[in-house]
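Comments concern the structure below.
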Amino acid sequence: MTHKIAILGASGYTGAELIRLIATHPSMQIAALGANAKAGQSMATVYPHLRHLDLPDLVTADEIDFAKIDLCFCALPHKTSQEVIRDLPKDLKIVDLSADFRLRDPAEYEKWYGNPHAAVEVQKEAVYGLTEFYRDEIREARLVAGTGCNAATGQFALRPLISAGVIGLDDIILDMKCAVSGAGRALKENLMHAELSEGYNAYAVGGTHRHLGEFDQEFSKLAGRPVEVQFTPHLMPANRGILATTYVSGDPQAVYAALRDAYADEPFLHVLPFGETPSTHHVRGSNFCHIGVTGDRKPGRAIVVAALDNLTKGSSGQALQNANLMLGEEEIAGLTLVPCFP
Numbered sequence: 102m103t104h105k106i107a108i109l110g111a112s113g114y115t116g117a118e119l120i121r122l123i124a125t126h127p128s129m130q131i132a133a134l135g136a137n138a139k140a141g142q143s144m145a146t147v148y149p150h151l152r153h154l155d156l157p158d159l160v161t162a163d164e165i166d167f168a169k170i171d172l173c174f175c176a177l178p179h180k181t182s183q184e185v186i187r188d189l190p191k192d193l194k195i196v197d198l199s200a201d202f203r204l205r206d207p208a209e210y211e212k213w214y215g216n217p218h219a220a221v222e223v224q225k226e227a228v229y230g231l232t233e234f235y236r237d238e239i240r241e242a243r244l245v246a247g248t249g250c251n252a253a254t255g256q257f258a259l260r261p262l263i264s265a266g267v268i269g270l271d272d273i274i275l276d277m278k279c280a281v282s283g284a285g286r287a288l289k290e291n292l293m294h295a296e297l298s299e300g301y302n303a304y305a306v307g308g309t310h311r312h313l314g315e316f317d318q319e320f321s322k323l324a325g326r327p328v329e330v331q332f333t334p335h336l337m338p339a340n341r342g343i344l345a346t347t348y349v350s351g352d353p354q355a356v357y358a359a360l361r362d363a364y365a366d367e368p369f370l371h372v373l374p375f376g377e378t379p380s381t382h383h384v385r386g387s388n389f390c391h392i393g394v395t396g397d398r399k400p401g402r403a404i405v406v407a408a409l410d411n412l413t414k415g416s417s418g419q420a421l422q423n424a425n426l427m428l429g430e431e432e433i434a435g436l437t438l439v440p441c442f443p
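First residue of the sequence shown: 102, per the working numbering; consecutive thereafter.
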């Protein structure tokens, strides 16, 4: 069976990444591409690297006949996404890549994103899209809310440790390095080559990053009591990739065993031999996440390092993984691309 797919926000980085992945999918066909600002243009014009693909031209969302669509990916900015999804057909399967449906409590959404939620009734049916931990719910879902790329990386490093009770919960430090594509394709002065290259800076320092809402929600749910991590992201002059270095209290071997056992059967989450740590180079352009554990010179402390590609496993690859489950397809379909190195 071939599934007809629509992508809204196809002119952004995550939209283009979805097209790249779906191009190798055995049972998906892209039937519609939405992008208001670039409507009327071809994808070959917007993204020349996709010119070899037979793709429909970009159109506005109201030009798409969703009755002919089996699943829609929404790769739109937050706030815009909830307003669009609210008005889509109620039986349409949707994978949202924005932040609009990640937080279960509308008050928490307003706290972190600065505006009231405009689709509270729709939000109630959203399933959190961290595939490896919400598979059963995702299979039955109509609307799946993709995680933040930073939030996914931190959770892959920490969720099994919280569940297994092998780390302290009050002194977790999460230091994250993030590539520039995570900020999207819109022109921003601080992301210009002359402003960004040859430099490296922390941002959202002191607990202001929006993905903390996801960490608070998910870690507290796991622990059964409030958990607040100390989190500082850093912008690095690279196109793709996230590297999360997490400092925890706990026996390093127990930390390693918890991660190894939790991910033993996962196709995309690879725990390296004890003492080895990953690089963003080794997951670039892929749906893999590599995780390493080492001890610290201080007894009773461990360091967990996780690396993934923010556009693939952190966003569009995760979205396709979820769509496969929602459509009854093999979870790994279209996602076994080997990382690109160097």
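By construction, the Cβ of each residue, glycine as well, lies at the ideal position given by its N, Cα and C atoms.
Residues sharing a beta bridge with residue i, DSSP
{"i": "PRO334", "result": "MET277"}
{"i": "HIS150", "result": "None; HIS150 has no bridge partner."}
{"i": "CYS173", "result": "ALA107 and ILE195"}
{"i": "SER350", "result": "ARG402"}
{"i": "ILE343", "result": "CYS279 and LEU409"}
{"i": "GLY135", "result": "LEU109 and VAL160"}
{"i": "ILE392", "result": "VAL372 and ALA407"}
{"i": "GLN318", "result": "DSSP, once it has assigned bridges, lists no residue as partnering GLN318."}
{"i": "GLN422", "result": "GLN422 pairs with nothing; no bridge assigned."}
{"i": "VAL228", "result": "VAL245"}
{"i": "ALA303", "result": "HIS335"}
{"i": "GLN130", "result": "LYS105"}
Exposure of residue i, with buried meaning 16 or more beta-carbon neighbours within 10 Å
{"i": "ASN340", "result": "exposed"}
{"i": "GLU226", "result": "exposed"}
{"i": "ILE433", "result": "exposed"}
{"i": "TYR304", "result": "exposed"}
{"i": "MET144", "result": "buried"}
{"i": "PHE332", "result": "buried"}
{"i": "LYS169", "result": "exposed"}
{"i": "TYR114", "result": "buried"}
{"i": "GLY135", "result": "buried"}
{"i": "VAL267", "result": "buried"}
{"i": "ASN302", "result": "exposed"}
{"i": "GLY342", "result": "buried"}
{"i": "VAL328", "result": "buried"}
{"i": "MET374", "result": "Sequence inspection shows Pro at residue 374; the Met mentioned does not correspond to that position. The residue is exposed, with fewer than 16 neighbouring Cβ atoms inside 10 Å."}
{"i": "PRO443", "result": "exposed"}
{"i": "GLY314", "result": "buried"}
{"i": "LYS278", "result": "buried"}
{"i": "LEU288", "result": "exposed"}
{"i": "GLU118", "result": "buried"}
{"i": "THR381", "result": "buried"}
{"i": "ARG260", "result": "buried"}
{"i": "ALA208", "result": "exposed"}
{"i": "ARG448", "result": "The first residue shown for the chain is 102 and the last is 443, placing residue 448 beyond what the model contains."}
{"i": "GLY255", "result": "buried"}
{"i": "GLY465", "result": "In the structure as shown, the chain starts at 102 and stops at 443, and residue 465 therefore has no counterpart that could be examined."}
CA-to-CA distance, residue j to residue i, given in whole angstroms
{"i": "ASP271", "j": "ALA133", "result": "47 Å"}
{"i": "ASN137", "j": "HIS312", "result": "27 Å"}
{"i": "ALA253", "j": "ALA140", "result": "32 Å"}
{"i": "LEU409", "j": "PHE369", "result": "10 Å"}
{"i": "ARG240", "j": "HIS126", "result": "18 Å"}
{"i": "ILE274", "j": "PRO353", "result": "15 Å"}
{"i": "GLN142", "j": "LEU360", "result": "46 Å"}
{"i": "ASP163", "j": "ASP201", "result": "20 Å"}
{"i": "PRO338", "j": "LEU156", "result": "32 Å"}
{"i": "LEU154", "j": "ALA124", "result": "8 Å"}
{"i": "ALA107", "j": "ASP206", "result": "28 Å"}
{"i": "VAL281", "j": "PHE234", "result": "27 Å"}
{"i": "LEU231", "j": "ILE195", "result": "15 Å"}
{"i": "VAL185", "j": "THR437", "result": "31 Å"}
{"i": "GLY116", "j": "THR413", "result": "11 Å"}
{"i": "GLY300", "j": "PRO217", "result": "36 Å"}
{"i": "VAL228", "j": "ALA219", "result": "17 Å"}
{"i": "SER502", "j": "MET427", "result": "Since the first residue of the chain shown is 102 and the last is 443, residue 502 is not available in this structure."}
{"i": "TYR364", "j": "VAL356", "result": "13 Å"}
{"i": "PRO61", "j": "GLY247", "result": "Since the first and last residues shown for the chain are 102 and 443, residue 61 lies out of range."}
{"i": "ARG398", "j": "THR346", "result": "16 Å"}
{"i": "ILE263", "j": "THR146", "result": "47 Å"}
{"i": "VAL245", "j": "ASP197", "result": "6 Å"}
{"i": "LEU159", "j": "SER112", "result": "8 Å"}
{"i": "GLY307", "j": "ASP317", "result": "15 Å"}
{"i": "MET102", "j": "PRO178", "result": "31 Å"}
Nonlocal neighbours in the same chain, by C-beta distance under 7 Å from residue i, ignoring five residues either side
{"i": "ALA284", "result": "LEU292"}
{"i": "PHE257", "result": "LEU370, CYS390, ILE392 and ALA407"}
{"i": "LYS105", "result": "GLN130, ALA132, LYS169, ILE170 and ASP171"}
{"i": "CYS250", "result": "GLY283, ILE343, ASN411, GLY415 and SER416"}
{"i": "GLY376", "result": "THR395"}
Proximal residues to residue i (C-beta, below 6 Å), its chain only, five neighbours per side dropped
{"i": "ALA265", "result": "ALA359"}
{"i": "GLY269", "result": "SER350"}
Residues near residue i by beta carbon distance below 8 Å, same chain, minus five either side
{"i": "LEU444", "result": "A question about residue 444 goes unanswered here, because the residues of the chain that appear run from 102 up to 443."}
> Is the segment 414 to 422 close to the segment 180 to 191, with three or more CB pairs under 8 Å?
Replying inline: no
>> Does the structure place the segment 318 to 329 close enough to the segment 292 to 301 that three or more beta carbon pairs sit under 8 Å?
In response: no
>> Is it the case that the segment 148 to 160 contacts the segment 169 to 177, given that we only count it when at least three CB pairs across the two stretches are under 8 Å?
In response: By the C-beta criterion, the segment 169 to 177 is judged not to be in contact with the segment 148 to 160, since fewer than 3 inter-stretch pairs fall below 8 Å.
> Is there contact between the segment 340 to 351 and the segment 395 to 406, where contact requires at least three CB pairs shorter than 8 Å?
Replying inline: yes
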